[in-house]
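By the count of this note's numbering, the sequence shown reaches residue 493 at its end, each step adding exactly one.
See below for the structure under consideration.
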Amino acid sequence: MARIQTILIADPDPDFLDWTTHQLSSSSTRIITTSDSEEAYRLFMREKPDVLMAETHLSPIGGMELMARIRQRDSNAVVVLTSAFGTTQAVIESMRLGAFDFVRKETLPFNLRAVIDAALKAQAEMKAATSAKPQLTVEEHQDSLVGKSEAMAQVFKMVGRVSLSDAPVMITGESGSGKELVARAVHTYSQRNGKSFVAINCAAIPEQLLESELFGHEKGSFTGAVTQRVGRFEQSNGGTLFLDEIGDMPIQLQSKILRVLQDGEFTRVGGTATLKSDVRIVAATNKNLEQEVAEKKFREDLFYRLNVVRIHLPPLRQRLEDIRLLAEYFLQRVAIRLHLPKLKISEDAMKILEGYSWPGNVRELENTIQRACVLCTSDVLLPKDIPLGVGISGESPQTSNPSLAGVVTKEMAIDALFKVAEADPSLQLLPWLEREFTLHSMRTTNGNQVRSAKLLGITRATLRKRLEIFGITRELNIS
């Protein structure tokens, strides 16, 4: 038997209370009404309704103050504020205080049911999420190298094997996939874990400064060198030096790196003394170094020196089963860092994360969780809190269609289509695609057959046959 859901409505207008009661009443819904905000507070504490809908101009205290008092006692309370005079300041302030939604009364005849249904669904998601136990804790994964997929299992195995030696390691993978985390794990599980782990991004430092960063410089060796500087090779002596984005290192500097790998020797910029450093090199790149070598952009001898052991880190879209674990991990880590309550994520929000292609990989997922924690109005992240595809500009596509958020490649689109076909065995993919593409092209061109045929790359005669076969002419009421 379905649980009865309770809605508490607080409004000074008795006619409005009668109307909303009539609109929302059902066999599965219990409606409680009041025109007094103090009584509304008492009713909420006693009845624990699923949703409170309150007018901002209540008395003796306003709807916003009522919501603030309630959310001090219950941070997951779902409150919808209404007003006939919804100013910009009122909307902003209500969302700042944690309102689920702010609705102008003039729109309620059209969207009352939709707003309340969304609020009830959010409450149900929060209750389900708060009763679920996380699959891991931050304490279990201090290094944040998280995953249960077969692809990540192979990475873990390689990390374990290379930890027994001092051989150079090359880590490959797309940007944001977590290459530095793998490099840190290689160091942590090696015999050098008591020494320094030093990382440098070869692509982030101007060419004229990179040599000084790596090898150091002597006082007066160039303009601005007012003191002697110790470089990264000296800093990491006895430990591990991580050369991130090694494929972007200037080719003139690559020969000096090669010498350190061969002899363990180098000199500071502007110096004459030969220095030694016992360093294990772990390099990473998102480039195809074999191609870079073929194009003379990367030294072949350095490539073979670095590529003794290779660990490839697959993109997040190829290990979707890791998304849940990673999301829970990042959620807990953000909550600890920002001194937030123990946050959880609803199942519907998790489905959105698992259905997204993650062009920015693990880094994008972490940033998405951080933004969601800032945007959420309860202890549970809901679908409305997930800002997928937000770039540097801060603009975001609609999250209701995560497959379109961010950068979508042809390969990603094909993968998504095949997932649709796998989920629906009755779907005949090619005929369905042919019909949908034809229908969409006609809608896009407002029924212009010449433009539609050109868009599809077919003749107008072929287009007309498709329109007739699929009944699109009748559906669009065109001729």
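Here a beta-carbon is modelled for each residue, glycine too, at the ideal position from N, C-alpha and C.
Going by DSSP, residue 194 is part of the alpha helix (DSSP H) stretching over 193–202.
Contact between residue 258 and residue 215 holds: CB atoms are separated by about 5 Å, below the 8 Å threshold.
If you look at residue 29, you'll find it in the alpha helix (DSSP H) that goes 28–38. Going by DSSP, residue 211 is part of the beta strand (DSSP E) stretching over 211–215. 8 Å or more divides the Cβ of residue 81 from the Cβ of residue 65.
In this structure, the beta-carbon distance from residue 484 to residue 457 does not fall below 8 Å. Relative to residue 95, the option among 53, 168, 25 and 274 whose CA is nearest is 25. In this chain, the alpha helix (DSSP H) harbouring residue 277 covers 265–277.
The three-state secondary structure of residue 313, taken from DSSP, is coil.
By a beta-carbon distance limit of 8 Å, residue 327 does not contact residue 337. Their separation comes to about 15 Å. For residue 455, there is no enclosing beta strand (DSSP E); the enclosing alpha helix (DSSP H) covers residues 443–458. According to DSSP, residue pairing for residue 69 in a beta bridge involves 96. Taking 8 Å as the cut-off, the Cβ atoms of residue 133 and residue 114 count as close. No residue range can be given for residue 236, since it is assigned to no alpha helix (DSSP H) and is classified by DSSP as neither H nor E. Residue 364 counts as buried, since no fewer than 16 other beta carbons sit within 10 angstroms of its beta carbon. By the neighbour-count criterion, in which 16 or more other beta carbons inside 10 Å mark a residue as buried, residue 378 falls on the buried side.
Note on geometry: alpha-carbon atoms of residue 238 and residue 332 lie some 47 Å from one another. The three-state secondary structure of residue 50, taken from DSSP, is coil.
When DSSP reads this structure, residue 231 sits in a beta bridge with 243 and 283.
Membership of residue 114 in any beta strand (DSSP E) is not indicated, and neither H nor E is assigned to it by DSSP. When Cβ pairs closer than 8 Å are counted between the two stretches, the segment 249–257 is seen to touch the segment 286–296, the count reaching three or more.
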